[in-house]
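Colleague: Residue numbers (our numbering): 811 to 1248.
Glycine residues also receive a C-beta, built at the ideal position from the N, C-alpha and C atoms.
Pasting a structure here, questions to come.
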Amino acid sequence: MSIKIAVILGTRPEIIKMAPVIDEIENRNINYVLIHTGQHYDHEMSDQFFIDLELKKPDYNVGVGSGYHGEQTANMIKGIEEVLIAEKPDLVLVQGDTNAVLSGAIVASKLHIPVGHVEAGLRSYDRSMPEEINREVADVCSKLYFVPTEGSALNLLFAGLNRENIFITGNTIVDACIRNLKIAKKKTDINHMLNLNGDIMTLTMHRAENVDNRERLQNIVDALTELDELTIVFPVHPRTVKNLEKFDLLKELGNYEHIKLIKPLGYLEFLLLLSRSKIIMTDSGGLQEEAITLNIPCATLRYNTERHETVKAGGNMLLGAEKEKIIDNVREILNNADLYNKMKKAPNPYGDGNSSTKIIDVILSEYRDKKLKISVPEDIMKDKSRKLIKINENITVKDFERINSNLIVNIVFEEGDPLYPFDELDLKDKFILVDHLA
Ligand code: UD1
Ligand code: UDP
């Protein structure tokens, strides 16, 4: 018997980041169904990516369209449930933090179908973001967590999840970025296509907290109109178009020669635009990751980020939505050669472009070992407690767990700082937080 996987996606970033995983599924001849929630439906927000990334047409489109969160999520839950009942997959894969993740994870777990969450463990610690709630709910409902970094793995361990279900794989955006930029370069001349000369800044924004808020959107627009030392190429997300129109700002932006407002681009063209950019300005999650992958400084129009690693690595600056702060810092990045080079050379925390291979390896191995089934635990009467132990001798995590078979190392602390318990990590002089199975 071979595994059957249901892949759920619904928005532009999910299509892009799930594409390498789907490629890997196809390369290994794994049986799968592709379910589109229909959250993004404009040609340039959805179909174009199936063309660019050479994906099969979804087997199902639940067709939820736009709406309030409750309405949209409820329709997804209903539509996805019908498909999962009919298709009976062994595993459901969701990606990221959209409403598709929320509904896919809830429905599948209620049907006792294990959920694999690609890009799990990210945290902005800002519950006013709908995406943060989606991440947290998906954690509770998932079985396998494919996390991009050690930091995201620690977030899950601190949330009380089991280490044996967490796999550090890197982020599939690196796979997508590297593979498709090569293809894109052969296909299109972006300078010719968009009539570009000189330095450019690529800009995207669509976060509800920026574009649904008149004052914040006005501040950002004011900053953009002043930053006329380079061409700003702005492929505008439909949510942003709607709000720029509503707040009467679209015409104003259109009056400035250095600002090029264009429709959203397909992935190949957009990657070319990014790689041609001197700097990237964005409130997008994916772009913060792509910027550091392509070695381009990133100015993020947010006060927090769940991509902390990009800031720590030095490639990303959080500028919020204040006019002067945006202008001053963008100018500083452009004019201070040391800062520019430091940002450009920031190491990529998201892996080497093989995340999708690692994810499918894990899935197949868990399936073979019969670890995917959700059933009543055999040790349901066992007592589980947690305790902190100081280790004084040289011993690796793996050896410690082999010798103490009733203890599972969750988090290691070195001088107060948390570390992920990699198998070969030496525990000498460290504290360990362990699960103790009575
Ligand atoms: C959604 C995700 C967000 C992700 C983003 C990627 C949630 C809660 N939000 O936000 O995490 O970063 O996708 O782009 O899941 N619209 C169109 N055409 C479309 C799609 C949307 O015109 O094809 C317009 C509609 O007016 C809609 C608005 O955009 O009301 C917002 O769309 P929605 O899907 O609700 O959220 P996004 O802002 O796209
Ligand atoms: N993107 C694209 N065309 C565009 C703008 C963005 O292909 O005109 C891609 C971008 O390369 C990235 C993804 O869309 O991979 C990011 O999606 P978005 O910003 O909508 O969502 P987020 O990442 O914030 O969830």
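1) Under a Cβ-count criterion, where at least 16 other Cβ atoms within 10 Å of its own Cβ denotes burial, should S856 be classed as buried or exposed?
2) Considering only residues of the same chain and omitting the five flanking positions on each side of I1010, which have a CB-CB separation below 7 Å?
3) At which residues does the beta strand (DSSP E) containing Q905 begin and terminate?
4) Where Q1028 and V1172 are concerned, what is the direct C-alpha to C-alpha distance, given to the nearest angstrom?
5) Does the region 1204–1212 come close enough to the region 1232–1243 that 3 or more CB-CB pairs lie under 8 Å?
6) Please identify the residue among P830, A1101, S1094 and N990 whose C-alpha is closest to the C-alpha of Y1113.
7) For G1066, which residues in the same chain have their Cβ closer than 6 Å to its Cβ, ignoring the five residues on either side in sequence?
8) Restricting to runs no shorter than 4 residues, where is the alpha helix (DSSP H) found entirely within the region 1135–1192?
9) Straight-line CA distance for A896 to V1140?
10) Measure the alpha-carbon distance for C951 versus N871 and round it to whole angstroms.
11) Report the option in V947, L1060 and G931 whose CA atom is closest to the CA atom of K920.
12) For a minimum of 4 consecutive residues, which ranges assigned as the alpha helix (DSSP H) are wholly contained in the region 986–1026?
13) For ligand 2, is there any heavy atom lying closer than 7 Å to the beta carbon of F1223?
14) Going by DSSP, what residues sit across from V817 in a beta bridge?
15) I need the DSSP call for D862, collapsed to helix, strand or coil.
16) Can you look up Y870 in the DSSP assignment and give me helix, strand or coil?
17) Do the region 922–936 and the region 1170–1187 make contact, defined as three or more Cβ pairs closer than 8 Å?
18) Is H790 helix, strand or coil by DSSP?
19) Could you tell me whether any non-hydrogen atom of ligand 2 is closer than 7 Å to the CB of R1117?
20) Cutting at 7 Å between CB atoms, please list the residues of its own chain near Y851, excluding the five before and the five after it.
21) Do I835 and I1170 have their beta-carbon atoms positioned less than 8 Å apart in this structure?
22) Between the region 972–991 and the region 1142–1151, do three or more beta carbon pairs fall short of 8 Å?
23) DSSP state of R1196, grouped into three classes?
24) Work out the CA separation of S1166 and F1080 for me, nearest whole Å.
25) Excluding sequence positions up to five away, which residues of its chain have a Cβ less than 8 Å from the Cβ of L1084?
26) Rounded to the nearest angstrom, what separates L1129 and C1108 at their Cα positions?
27) For Y935, is the beta carbon positioned less than 7 Å from some heavy atom of ligand 2?
28) Hey, how far is the Cα of K1254 from the Cα of A816?
29) Quick check on this structure: which residue in K1168, L1217 and D1209 has the alpha carbon closest to the alpha carbon of L1198?
30) Which one or two residues does DSSP pair with G926 in a beta bridge?
31) Please state whether the Cβ-Cβ distance between L901 and I813 is less than 8 Å.
32) Does the beta carbon of L1235 come closer than 8 Å to any beta carbon on chain C?
33) State the CB to CB distance for the pair T1014 and P1048, rounded to an integer number of angstroms; the pair is presumed to be in contact (CB under 8 Å).
34) Near T847, which residues of its chain fall below 6 Å by C-beta distance, leaving aside the five closest residues on each side in sequence?
35) Can you check DSSP and say which residues form a bridge with A1123?
36) I'd like the span of the alpha helix (DSSP H) that includes E1099, first residue to last.
Modeller: Once the coordinates are examined:
1) As a working mapping, residue 856 is identified with position 46 in the sequence shown. Buried: at least 16 other Cβ atoms inside 10 Å.
2) Within the sequence shown, the letter at position 200 stands for residue 1010. L1040, T1041, V1043, R1086, S1087 and K1088, listed in sequence order.
3) In the sequence shown, counting from the first residue as 1, residue 905 sits at position 95. Unbroken beta strand (DSSP E) run through Q905: L901 to Q905.
4) On the sequence shown, residue 1028 is found 218 positions in, with the first residue counted as 1. On the sequence shown, residue 1172 is found 362 positions in, with the first residue counted as 1. Their backbone Cα atoms lie some 47 Å apart in a straight line.
5) The answer is yes - the region 1204–1212 touches the region 1232–1243, with three or more Cβ pairs under 8 Å.
6) Position 303 of the sequence shown, counting from 1, holds the residue named residue 1113. The option with the nearest alpha carbon to Y1113 is S1094.
7) Taking the first residue of the sequence shown as position 1, residue 1066 is located at position 256. A quick correction: the sequence has Tyr, not Gly, at residue 1066. Taken in chain order, the residues that qualify are T1035.
8) 1147–1154 and 1165–1178
9) In the sequence shown, residue 896 corresponds to position 86, counting from 1. In the sequence shown, residue 1140 corresponds to position 330, counting from 1. Each residue's Cα considered, the two are about 52 Å apart.
10) Residue 951 sits at position 141 when you count from the first residue of the sequence shown. Residue 871 sits at position 61 when you count from the first residue of the sequence shown. So the two alpha carbons sit approximately 23 Å from each other.
11) Counting from one through the sequence shown, the residue named residue 920 turns up at place 110. Measuring from the Cα of K920, the nearest candidate turns out to be V947.
12) 1000–1004 and 1018–1021
13) For the purposes of this step, residue 1223 is taken as the residue at position 413 of the sequence shown. F1223: no, Cβ never under 7 Å from ligand 2.
14) The sequence position of residue 817 within the sequence shown is 7, counting from 1. DSSP lists L844 and L903 as partners of V817.
15) Here residue 862 refers to the residue found at position 52 of the sequence shown. It is helical.
16) The residue labelled residue 870 in the question sits at position 60 within the sequence shown. In this structure, Y870 counts as strand in the three-state DSSP scheme.
17) yes
18) One cannot answer for residue 790 here, as it falls past the ends of the chain, which runs 811 to 1248.
19) Within the sequence shown, the letter at position 307 stands for residue 1117. Result no, Cβ not under 7 Å from ligand 2.
20) Numbered from its first residue, the sequence shown carries residue 851 at position 41. Excluding positions up to five away in sequence, the list reads G875.
21) What you label residue 1170 is simply residue 360 of the sequence shown in a count that begins at 1. What you label residue 835 is simply residue 25 of the sequence shown in a count that begins at 1. In contact: I1170 and I835 (Cβ atoms closer than 8 Å).
22) no
23) Taking the sequence shown and counting its residues from 1, one reaches residue 1196 at position 386. Strand, per DSSP.
24) For the purposes of this step, residue 1080 is identified with residue 270 of the sequence shown, where counting begins at 1. For the purposes of this step, residue 1166 is identified with residue 356 of the sequence shown, where counting begins at 1. So the two alpha carbons sit approximately 22 Å from each other.
25) As a first step, residue 1084 is located in the sequence shown; it is residue number 274 there, counting from the start. Closer than 8 Å at the Cβ level, and outside the excluded window around L1084, lie T1012, I1090, L1097, E1100, A1101, L1104 and I1106.
26) Translated into positions along the sequence shown, residue 1129 becomes position 319. Translated into positions along the sequence shown, residue 1108 becomes position 298. Rounded to the nearest angstrom, the two C-alpha atoms are 10 Å apart.
27) Your numbering for residue 935 matches position 125 in the sequence shown. Incorrect: Y935 has no Cβ contact closer than 7 Å to ligand 2.
28) Residue 1254 lies beyond the residue range present for the chain, which begins at 811 and ends at 1248; the question has no answer from this structure.
29) As a working note, residue 1198 is residue 388 in the sequence shown. Among K1168, L1217 and D1209, the Cα nearest to that of L1198 is on L1217.
30) Residue mapping note: residue 926 aligns to position 116 of the sequence shown, counting from 1. Answer is L903 and L954.
31) Reading the sequence shown from its first residue, position 91 is the one you call residue 901. Reading the sequence shown from its first residue, position 3 is the one you call residue 813. For L901 and I813, yes; Cβs fall inside 8 Å.
32) The structure shown has no chain C; it contains just one protein chain.
33) By 1-based counting over the sequence shown, the position of residue 1014 is 204. By 1-based counting over the sequence shown, the position of residue 1048 is 238. Actually they are not in contact, since the Cβ atoms of T1014 and P1048 sit about 12 Å apart, beyond 8 Å.
34) Start at 1 with the first residue of the sequence shown, and residue 847 comes out as number 37. If we look at T847 and ignore the five residues flanking it on each side, its Cβ neighbours are G820, V872, V874, M886 and A910.
35) Sequence index remark: in the sequence shown, residue 1123 carries index 313 (1-based). Paired residue(s): none; A1123 is not in a bridge.
36) Position 289 of the sequence shown, counted from the first residue, corresponds to residue 1099. Where E1099 is concerned, the enclosing alpha helix (DSSP H) stretches over G1095 to T1103.
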